[in-house]
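Peer 1: Structure below; questions to follow.
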Amino acid sequence: MTQRGQERRAEETEEQRNRRLAVMGQRSQQRRAEETEEQRNSRLAIMAQHARERRLNVIEGQNHHQMQIFYAARTVLN
């Protein structure tokens with residue numbers, strides 16, 4: 016986001032923020048109402064793929080952490 020946009024968001028009141036979010040929600044609902052079944056299936060497939068990628072990233076992070084602990088323990092024991 017640009018600096019100007021960030022400044023505007025920092026200055027907006029809670030009422031303005033709520034109105035902006037409500038408009039965003041309405042636009043999203045309109046887009047969903049107009050999308051075809053094929054578009055919906057594509058959108059859901061993309062969401063599922065992103066979820067799989069996030070889970071994989073979490074698992075990789077956990078594995079990396081376990082490897083660090085293993086090598087640290089091995090270093091201490093040697």
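Residues in the sequence shown are numbered from 16 upward in steps of one, following the numbering used here.
All residues carry an ideal CB built from backbone N, CA and C; glycine is no exception.
Nothing here was measured: the structure is a model prediction, and the numbers come from that model.
(1) How far does the alpha helix (DSSP H) with N33 in it extend, from its first residue to its last?
(2) Under 6 Å Cβ to Cβ from A25, same chain only, skipping five residues before and after it: list those, please.
(3) Once the 5 residues before and after A87 are set aside, which same chain residues still bring their CB inside 8 Å of it?
(4) Let me know the secondary structure DSSP gives N93 once reduced to three states.
Peer 2: By the coordinates alone:
(1) On the sequence shown, position 18 is the one that residue 33 refers to. Unbroken alpha helix (DSSP H) run through N33: 29 to 49.
(2) Within the sequence shown, the letter at position 10 stands for residue 25. Within the same chain, A25 has no close Cβ partners at all.
(3) By one-based count along the sequence shown, residue 87 stands at place 72. The answer is none, since no qualifying residue turns up.
(4) Walking along the sequence shown from the start, residue 93 turns up at place 78. Coil.
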